[in-house]
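Single-structure report; data block below.
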Amino acid sequence: MSPEPLTRKVNVDVDEFRTAVLAKLTYAVGKDPEHAFDHDWFEAIALAARDHMVDHWMDHTRQIYRSQQKRVYYLSLEFLIGRLLVDSLSNMGILDIAREALDGLGVDLDKIRLLEPDAALGNGGLGRLAACFMESMSTLGVAAHGYGIRYEHGLFRQAIIDGWQQEQTENWLDFGNPWEFERPEVIYPISFGGHVEGTMDSDGNLRQVWRPGETVRAVAYDTPVVGWKGASVNTLRLWRARAMEDLHLERFNAGDHLGAVADVARAESISRVLYPADSTEAGQELRLRQEYFFVSASLQDLLRRHLNVYETVNSLGEHAAIQMNDTHPSIAVAELMRLLVDIHQLSWDEAWKVTVETLSYTNHTLLPEALETWPVGLMERMLPRHMQIIYLINAQHIDGLREKGTHDIDLLRTVSLIEEDHGRRVRMGNLAFLGSHSINGVSALHTDLMRSTVFSDLNRLYPERINNKTNGITFRRWLYQANPKLTAMLVDKLGNAVLDDPENNLKRLEAFADDAAYQRRFADQRLHSKEALARIIQERIGVTVDPKALFDVQVKRIHEYKRQLLNLLHTVALYQAIRATPEKPWVPRVKIFAGKAAASYHQAKLIIKLSNDIARTINNDPTVRGLLKVAFLPNYNVSLAESIIPAADLSEQISTAGYEASGTSNMKFGLNGALTIGTMDGANVEMCEYLGRENMFIFGLSADEVEARKHGGDYSAHQEAASSHRLNDVLQAIRGGVFSPDDPSRYAGLVDGLLSYDRFLVCADFESYWSAQMKVEELWRHPKQWWRSAILNTARMGWFSSDRTIREYATEIWKAL
0 MSPEPLTRKV NVDVDEFRTA VLAKLTYAVG KDPEHAFDHD WFEAIALAAR DHMVDHWMDH
60 TRQIYRSQQK RVYYLSLEFL IGRLLVDSLS NMGILDIARE ALDGLGVDLD KIRLLEPDAA
120 LGNGGLGRLA ACFMESMSTL GVAAHGYGIR YEHGLFRQAI IDGWQQEQTE NWLDFGNPWE
180 FERPEVIYPI SFGGHVEGTM DSDGNLRQVW RPGETVRAVA YDTPVVGWKG ASVNTLRLWR
240 ARAMEDLHLE RFNAGDHLGA VADVARAESI SRVLYPADST EAGQELRLRQ EYFFVSASLQ
300 DLLRRHLNVY ETVNSLGEHA AIQMNDTHPS IAVAELMRLL VDIHQLSWDE AWKVTVETLS
360 YTNHTLLPEA LETWPVGLME RMLPRHMQII YLINAQHIDG LREKGTHDID LLRTVSLIEE
420 DHGRRVRMGN LAFLGSHSIN GVSALHTDLM RSTVFSDLNR LYPERINNKT NGITFRRWLY
480 QANPKLTAML VDKLGNAVLD DPENNLKRLE AFADDAAYQR RFADQRLHSK EALARIIQER
540 IGVTVDPKAL FDVQVKRIHE YKRQLLNLLH TVALYQAIRA TPEKPWVPRV KIFAGKAAAS
600 YHQAKLIIKL SNDIARTINN DPTVRGLLKV AFLPNYNVSL AESIIPAADL SEQISTAGYE
660 ASGTSNMKFG LNGALTIGTM DGANVEMCEY LGRENMFIFG LSADEVEARK HGGDYSAHQE
720 AASSHRLNDV LQAIRGGVFS PDDPSRYAGL VDGLLSYDRF LVCADFESYW SAQMKVEELW
780 RHPKQWWRSA ILNTARMGWF SSDRTIREYA TEIWKAL
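In numbering that gives the first Met the number 0, the protein residues as written are 0 to 816.
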C-alpha cells in the first residue's frame, strides 16, 4: 500500500514560534537572550524548527507501520546536504512566520542562517543528487531511509594559497549538529580480517563461520528530512565508527598511554574523513573499510526493521527496495548474501533470489577507472568471507553461461567478477550488475553508452536489466530557496500552483517570453543576484567585477574530462584577442570558476593553479580595460552554489561528449534562466530536446565522433594546434611562461602532455568552442533575444525535477508507489 502524503501545514503562529525559540535558547542552549551570541540564536531556532519536523516524522513513521508500506533504502557514500535551516522552515511552510517572530526579538534570520556550516558529506554531483532524492522521496510520500557515513570532517576545506589548492580540515561539527539525533541504542558490530572456518551445524550441513580479527561498532545518528509542505518526513541515518572499547585500561595503567587508545584511533578513522586519498595501500584499505562499514551497518539495520514486522527474511524483496548509489556500496551484494546465508540460515539459492529481488544499482560513470576494483589480496585479507562469496557468485555465473552455450573464453573473462589482466582485482561494477534486478543510467545518452561500452557484454547476456532514469534536481532548494526574487516573479504570473507542481505549471511561463516588461523584470532580478555575487567575489578574493558584464560560470569538481582546461584556453584566447584588436566591440565578461580537485589528483590541482595564474595576469593588465575578469572562488560548496547559480548568465557544460553521465548543475543553471554552452553530453542532450537547440549554444564532437577520433588512430592534437593559429598562440603563451613568470616551465609538461595525448579532445573541440562563444557575445548584444531565451530556459525545465525522477524510480524499479 502507498498512502497519500500527509501534506498537513504546521499549526504555529508568530507568537508561538517566538516563544518556542526563547524556550530553546534558555533550556536547551542555556543562554539568556541579552547575552546570547549569534550562534546561540541559530541553535535555538534550529531546535524550535526541529520540534515541528519531529511531529511530522512521528506521524509519518506510524503511518508507514499501519499501512505496511514498502520501504526504500538508499545507500550512498555521499550526502551533500548543505545548510538545512531555511530549507526546513520553507518546506514546513513557516519561513515567513519564523522571520517575523525573530524580527520581534531583534534577530535577523538572513544573518543567522549564514552561521550554519555546510554538512560537507559529499564531493559533488553524486552527493547532491542523493540529498535532492531524499527530499523528493519525502515530498512524494515514499517511505525511505537514506544510509551513509557521518564523516567527522567531511570533504576538505579548500584554501587557495599562492594559486595552489591546499586541503584543510573541514570542522563542520565544531559547534555540534542541532538537526541530528544520536541513537546510542542502535549499534551494530562491523568486522574485518581474520579467517573462515568450515563447521558442521546440528543438521549435518557444512557452514562457513567467519572468525574476524577486528570488530568495530557502528553507531546511528538520525536526521529528519522534511518534504514540501511537510508532506512526509523520512530519515537520513548516518553511521559513526567507534572502537569496541574506548580505552585499553590495562595498557594505559602500564604506562602505554598512546597504545591504550590505538584501537580507538584505528576504528574512528573509518568515519573521520570523506574520501581519504587512495594513492597508497593504506588509503585503499581505509576506503574499502569505509564502504563495507556503512553497507554492513545499513543492511543489518534494515533486516532488523524488516523482521520486526515480518516473520521471515525471504519476503525482503516484497517489502523493501535497496538502491546502491554508484559502485561504492556494491559490496552490499556479498554482504547481503553473507547475512542471509550465514546469519539467517537461508540456502544459497534462496539468498541469491532475495538479494537480486531487493537490490538495484545506479551507475554514474563511464570512466573505467571510476568503476571500482579492489585487489584480490586486499579483499582476502580484509573481508575473507566476502571473497569466498564473490568467488562462488562468479563460479555459478560463469557455469550458468556455459550451460546456456556461452563458451567464448574472451567473453567469459570480460564478464567475470575477477579481472586477471593487470593483477587480480575484484570488479565491483560487475558485482553490482549481477546482484541487482535493475541497473540504471542517469541520462538517455549515458544509458545507451552503458549498454554499448562498460556493460556491453553483460547487457547482451542480461538484456532486460539496464534502464534509464534521467537525473533531476529539487526545485525547492535550487529555485525557491536559492532565488527568491525569481520565485516571486513566477508566483506573480503563474500563481502558487507553480510551487506545488512546477513540472506542469512552469511551462505556462512561455507566454511571457516575448513580454518586454517581463524581460526587464527578469533581467533586473538577475542583476540583483549578480550584485550579490560581485560582493562575495570582492570579499573572498579581492577582485572587483562589473555586475553588468556577462557572468560566464563553470563550477564543478575539477577533472580533466569536465574540461576546465578548454575554458581556460578560451579565456587566454579571448585575452589575446582583446589586446590585439581593441577596436572590436568586445562584450564585457567575467569568467567565474570554482571546484575542488581530489587531494591526490595532481593534474587537476595544476589546472587550478593555471586558472589562478591566468586570473592574476588578466586582472592586473590595464590594456584589457576591464573587459575581461577571471575569478576562482575557493571552497566550493552547496551554499556558495546557491549564490553563484542565480547570478549566472552563461552555464559552462563542456565535458567531452560521452564522459559526463548526466550532470545536475546544468539543470540548476537552466532552471534559473542561465543559457547553456555545452557539448551533446549527459543530460545536455535531453535539455536540448526540451529547451530547443536555439536556446542553447551547442558545440563540439558528438559521442560517436569522439569514439571515432579515439579509435581511428589518425587524431593528432599537434595537427589541431598547427591548423589553428589561435589555439597554437594560446598553448605557446602558456608553455612559454607568460602566465607563470616566476616559473616559466611550470606548464610545459601540461601543454606537452596535451599535445601528445589529448585524451579528452580539448584541442579537437577548441575552434568549435570559440565559434560558440562568439555566438554568445552576438546574442548578448541583443538583450530582447537573450532574455527571451533565458525565460524559455526557466519555463521548459519542469521535466528536470527530482520529483519526476523519484516517481520513475518508485514506480518502475522499487514498486513503492
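Even glycine gets a Cβ: it sits at the ideal position worked out from N, Cα and C.
These numbers were taken from a predicted model, which means no experiment stands behind them.
Start and end residues, alpha helix (DSSP H) containing residue 761: As a working mapping, residue 761 is identified with position 762 in the sequence shown. Its alpha helix (DSSP H) spans residues 761–779.
Sheet register partners of residue 223 (DSSP bridge): Position 224 of the sequence shown, counting from 1, holds the residue named residue 223. Looking at the DSSP assignment, residue 223 forms a beta bridge with 234.
Exposure of residue 52, with buried meaning 16 or more beta-carbon neighbours within 10 Å: On the sequence shown, position 53 is the one that residue 52 refers to. Looking at its Cβ environment, which holds 16 or more other Cβ atoms inside 10 Å, residue 52 is buried.
Start and end residues, beta strand (DSSP E) containing residue 67: Within the sequence shown, numbered from 1, the residue matching residue 67 stands at position 68. Where residue 67 is concerned, there is no enclosing beta strand (DSSP E), because DSSP gives it neither an H nor an E.
Euclidean distance between Cα positions of residue 14 and residue 126: Start at 1 with the first residue of the sequence shown, and residue 14 comes out as number 15. Start at 1 with the first residue of the sequence shown, and residue 126 comes out as number 127. Roughly 38 Å between the two C-alpha positions.
Same chain only: Cβ atoms within 7 Å of residue 275, ignoring 5 sequence neighbours per side: If you number the sequence shown from 1, residue 275 lands on position 276. Cβ within range, chain order: 282, 285 and 286.
Cβ distance (whole Å) where residue 441 is taken to contact residue 470 below 8 Å: For the purposes of this step, residue 441 is identified with residue 442 of the sequence shown, where counting begins at 1. For the purposes of this step, residue 470 is identified with residue 471 of the sequence shown, where counting begins at 1. Between residue 470 and residue 441 the Cβ distance is about 5 Å, and since that is below 8 Å, they are a contact.
Uninterrupted alpha helix (DSSP H) stretches inside the stretch 631–709 (no shorter than 4 residues): Here the runs fully enclosed are 637–643, 664–670 and 683–690.
C-alpha gap between residue 575 and residue 721, whole angstroms: Numbered from 1 along the sequence shown, position 576 holds the residue referred to as residue 575. Numbered from 1 along the sequence shown, position 722 holds the residue referred to as residue 721. Residue 575 and residue 721 have their alpha carbons spaced roughly 18 Å apart.
Paired residues, beta bridge with residue 321 - DSSP: Working through the sequence shown from its first residue, we reach residue 321 at position 322. Residue 321 is bridged to 72 and 358.
Sequence-distant residues of the same chain with beta carbon closer than 7 Å to residue 570, five excluded per side: In the sequence shown, counting from the first residue as 1, residue 570 sits at position 571. The beta carbon of residue 570 sits closer than 7 Å to those of 590, 613 and 629, all from its chain and outside the five residues before and after it, given in chain order.
Cβ shell of residue 706 (< 8 Å), same chain only, five flanking positions each side left out: Position 707 of the sequence shown, counted from the start, is the residue given in the question as residue 706. Answer for residue 706: 657, listed in chain order.
Strand pairing of residue 146, partner residues [DSSP]: Here residue 146 is taken as the residue at index 147 of the sequence shown, counted from 1. Looking at the DSSP output, residue 146 shares a beta bridge with 74 and 236.
Residue 110: first and last residue of the uninterrupted beta strand (DSSP E) it sits in: Here residue 110 refers to the residue found at position 111 when the sequence shown is read from its first residue. In this chain, residue 110 is not harboured by any beta strand (DSSP E); it is covered by the alpha helix (DSSP H) spanning 108–111.
For residue 167, the residue or residues it bridges with in DSSP: Taking the sequence shown and counting its residues from 1, one reaches residue 167 at position 168. Under DSSP, residue 167 forms a beta bridge with 156.
CB of residue 42 within 9 Å of CB of residue 86, strictly: On the sequence shown, position 43 is the one that residue 42 refers to. On the sequence shown, position 87 is the one that residue 86 refers to. No, the pair does not count as a contact, with Cβ atoms beyond the cut-off.
Heavy atom of the ligand MG within 8 Å of residue 385 beta-carbon: Absent from the structure shown: the ligand MG. Ligands present: none.
Delimiting residues of the alpha helix (DSSP H) encompassing residue 138: Residue mapping note: residue 138 aligns to position 139 of the sequence shown, counting from 1. Segment 124–139, the alpha helix (DSSP H) holding residue 138.
For residue 718, the first and last residue of its enclosing alpha helix (DSSP H): On the sequence shown, position 719 is the one that residue 718 refers to. If you look at residue 718, you'll find it in the alpha helix (DSSP H) that goes 716–722.
DSSP-derived helix/strand/coil call for residue 88: Walking along the sequence shown from the start, residue 88 turns up at place 89. Of the three classes helix, strand and coil, the one that applies to residue 88 here is helix, per DSSP.
Residue 553 - DSSP class collapsed to helix/strand/coil: Looking up residue 553 in the sequence shown gives position 554. Note: residue 553 maps to strand in three-state DSSP.
Per-residue burial, residue 124 [other beta carbons within 10 Å of its own, 16 or more giving buried]: Against the sequence shown, residue 124 aligns to sequence position 125. Flag for residue 124 reads buried.
Residues that residue 424 bridges to, as DSSP identifies them: For this step, residue 424 is matched to residue 425 along the sequence shown. In the DSSP output, where bridge partners are listed per residue, residue 424 has 374 and 418.
Straight-line gap, residue 727 to residue 631 (C-alpha atoms, nearest Å): Looking up residue 727 in the sequence shown gives position 728. Looking up residue 631 in the sequence shown gives position 632. Looking at the two C-alpha atoms, the distance is approximately 25 Å.
Cβ-Cβ separation, residue 650 to residue 682 (assumed contact under 8 Å), whole Å: Reading the sequence shown from its first residue, position 683 is the one you call residue 682. Reading the sequence shown from its first residue, position 651 is the one you call residue 650. 12 Å between Cβ atoms; not a contact.
Test item: CB-CB of residue 446 and residue 472 under 9 Å: Counting from 1 along the sequence shown, the entry for residue 446 is found at position 447. Counting from 1 along the sequence shown, the entry for residue 472 is found at position 473. No, the pair does not count as a contact, with Cβ atoms beyond the cut-off.
Anticipated Cβ contact below 8 Å, residue 812 with residue 359, distance rounded: Taking the sequence shown and counting its residues from 1, the one referred to as residue 812 is at position 813. Taking the sequence shown and counting its residues from 1, the one referred to as residue 359 is at position 360. Right, the Cβ-Cβ distance comes to about 5 Å (below 8 Å), so this counts as a contact.
Residue 237 beta carbon less than 9 Å from that of residue 70: Here residue 70 is taken as the residue at index 71 of the sequence shown, counted from 1. Here residue 237 is taken as the residue at index 238 of the sequence shown, counted from 1. No; because the gap between Cβ atoms is not below 9 Å, this pair is not in contact.
Option nearest residue 165 by Cα separation, candidates 173, 171, 156 and 618: The sequence position of residue 165 within the sequence shown is 166, counting from 1. Checking every option, the nearest Cα to that of residue 165 belongs to 156.
Range of the contiguous alpha helix (DSSP H) that encloses residue 267: The residue you call residue 267 lines up with position 268 of the sequence shown. 261–267 is the span of the alpha helix (DSSP H), which, as asked, contains residue 267.
Cβ separation of residue 146 and residue 293, assumed to be a contact under 8 Å, to the nearest whole Å: In the sequence shown, counting from the first residue as 1, residue 146 sits at position 147. In the sequence shown, counting from the first residue as 1, residue 293 sits at position 294. About 6 Å separates the two Cβ atoms, so the contact holds.
Straight-line gap, residue 755 to residue 558 (C-alpha atoms, nearest Å): Taking the sequence shown and counting its residues from 1, the one referred to as residue 755 is at position 756. Taking the sequence shown and counting its residues from 1, the one referred to as residue 558 is at position 559. Distance between the alpha carbons of residue 755 and residue 558 is about 19 Å.
Unbroken beta strand (DSSP E) run spanning residue 207, endpoints: As a first step, residue 207 is located in the sequence shown; it is residue number 208 there, counting from the start. Run containing residue 207: 205–210, per the beta strand (DSSP E) assignment.
Extent of the continuous beta strand (DSSP E) run through residue 588: Within the sequence shown, the letter at position 589 stands for residue 588. Start and end: 588–593.
Helix, strand or coil at residue 467 [DSSP, three-state]: The residue you call residue 467 lines up with position 468 of the sequence shown. Strand, per DSSP.
Coil, strand or helix - residue 801 by DSSP: As a first step, residue 801 must be located in the sequence shown, where it is residue number 802. The DSSP-derived three-state label of residue 801 is helix.
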